[in-house]
Amino acid sequence: MERCDISSRIPMMLMTFTNTFAETDDKPMFYDYEPGQYCMDKAVLTKGAKTKQAQFAIVCSPEKVTHWTDTDFLLRKIINPIFHGISMIILLIIAIIYFVLPSLRDLVGNIVTTITVCLIVNQAADLVRIFTEFSSHVSFLVADTIHYLSLLAAFFWLNSMGYYIWKTF
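Mapped onto our numbering, the consecutive letters of the sequence shown carry residue numbers -18 to 150.
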């Protein structure tokens, strides 16, 4: 029987209890899994003169090996971050142009600059979400919150620009 590394997987506990001082001889509940997908262990609990024995299995999720030629890996971990970076660079160029040129520094130019900054923050938070998907729950939740708040802010500024255009014309 193979042993699995418990610290690197999310275990699901399956317990089969055998009580040495039980009144009935009921069969323990069990689940059938293929060999190699679980690790068996035995626990002995003693309290005074009474002892209880428990045999438990930790079901391990199979370790998935990803190769760089896998299409899903290429799209999610290589191509998507590259295009996020390109998008952030283009949005930064737009924000700099609207910020530097005096003829574009009116109300609409300031709104466009704010929208592009919100979208840059959105893209950066999405990049953090891509790379911390399975490592840290806290950073994933913070990045996810920033991602959605910045997207909400971009839509708010787009709405305000639409209202300004409606009032002007």
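Each residue gets a CB set at the ideal place from its N, CA and C atoms; glycine is no exception.
Own chain, CB closer than 6 Å to Val93, minus 5 neighbours either side, in chain order: Apart from the 5 residues on each side of it in sequence, Val93 sits with its Cβ closer than 6 Å to the Cβ of Tyr79 in its chain, given in chain order.
Inter-residue spacing [alpha-carbon to alpha-carbon] between Leu72 and Gly90: 14 Å
Backbone CA spacing between Gln36 and Thr50 [nearest angstrom]: 42 Å
Rounded distance between the beta-carbons of His65 and Gln104, thought under 8 Å: About 5 Å; that satisfies the 8 Å criterion.
Cys99 vs Ser68 beta-carbon contact at 9 Å: no
Exposed unless 16 or more other CB atoms sit within 10 angstroms - verdict on Asp107: buried
According to DSSP, residues forming a beta bridge with Asp22: DSSP, once it has assigned bridges, lists Phe37 as partnering Asp22.
Among Val102, Leu26 and Asp53, the one whose alpha carbon lies nearest that of Val76: For clarity, residue 76 is Ala in the given sequence; the question names Val instead. Checked all of Val102, Leu26 and Asp53; the closest Cα to Ala76 is Val102.
Beta-carbon proximity list for Ala134, same chain, < 6 Å, skipping 5 on both sides: Cys99
Extent of the continuous alpha helix (DSSP H) to which Thr126 belongs: His118 to Thr149
Alpha-carbon to alpha-carbon, Lys31 and Ser120: 47 Å
The alpha helix (DSSP H) enclosing Asp107, as first and last residue numbers: Leu88 to Phe112
Inter-residue spacing [alpha-carbon to alpha-carbon] between His118 and Trp147: Whole-angstrom Cα-Cα distance: 43 Å.
CA-to-CA distance, Ile59 to Thr126, given in whole angstroms: The alpha-carbon atoms of Thr126 and Ile59 are separated by roughly 23 Å.
Cα-Cα separation, His48 to Tyr129: When rounded, the distance between both Cα atoms is 31 Å.
Nearest-angstrom Cβ-Cβ length linking Ile111 and Pro62, presumed shorter than 8 Å: 6 Å
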